[in-house]
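In the UniProt record's numbering, the protein residues as written are 1 to 142. See structure below.
Next up, the structure:
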């Protein structure tokens with residue numbers, strides 16, 4: 001898939017089908033973009049599970065933080081990545097090692113790695129990169 005541009009139906013289809021989102025790189029700092037996006041997604045009815053090894057066992061916006069994706073009890077529909085693009089290949093490997101794979105890997109603004117995306121897509125996952133669900137949701141869903 002070409003990740004320079006996405007069809008609006010592709011993005012809206014993802015946003016209307018996923019229910020549980022692991023937010024990788026979640027921050028308890030209200031000034032950080034990950035905090036704002038998590039708050040936005042929770043406000044739209046998504047179940048958001050924060051992932052941050054430095055915050056594991058604590059809570060962000062009332063949600064328990066897990067150290068890794070593998071520590072989350074149960075499946076997630078989407079992994080929303082708030083980590084630098086250089087980490088995306090390892091993140092894709094972590095996702096593909098999960099016993100129950102998510103449907104979607106979503107890389108936030110500036111998070112893009114076409115090789116990692118191709119690997120995820122070859123395994124049957126949908127991929128969005130360099131986009132923010134808190135921007136796309138109001139534009140396409142609401």
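All residues carry an ideal CB built from backbone N, CA and C; glycine is no exception.
Selected residue, minimal CA-CA separation from residue i, among the options
i           : options             : result
residue 152 : 45, 1 and 30        : A query on residue 152 cannot be resolved here, the shown segment of the chain reaching from 1 to 142 and no further.
residue 32  : 96, 135 and 82      : 82
residue 135 : 127, 1 and 108      : 108
residue 127 : 92, 137 and 63      : 92
residue 20  : 8, 94 and 38        : 38
residue 2   : 62, 90, 138 and 118 : 118
residue 138 : 63, 94 and 16       : 16
Separation of residue j from residue i, as counted between CA atoms
i           : j           : result
residue 60  : residue 73  : 17 Å
residue 24  : residue 54  : 12 Å
residue 120 : residue 106 : 11 Å
residue 77  : residue 110 : 22 Å
residue 129 : residue 65  : 24 Å
residue 42  : residue 18  : 13 Å
residue 29  : residue 131 : 21 Å
Continuous alpha helix (DSSP H) stretch holding residue i: start and end
i           : result
residue 115 : 114-122
residue 68  : Premise fails: residue 68 is in no alpha helix (DSSP H) and is neither H nor E.
residue 38  : 33-43
In DSSP terms, what residue i is bridged to
i           : result
residue 126 : 104
residue 50  : 23
residue 80  : 23 and 106
residue 59  : 64
Residue i and residue j closer than 7 Å at C-beta
i           : j           : result
residue 22  : residue 104 : no
residue 67  : residue 88  : no
residue 75  : residue 100 : yes
residue 85  : residue 114 : no
residue 123 : residue 96  : yes
residue 26  : residue 9   : no
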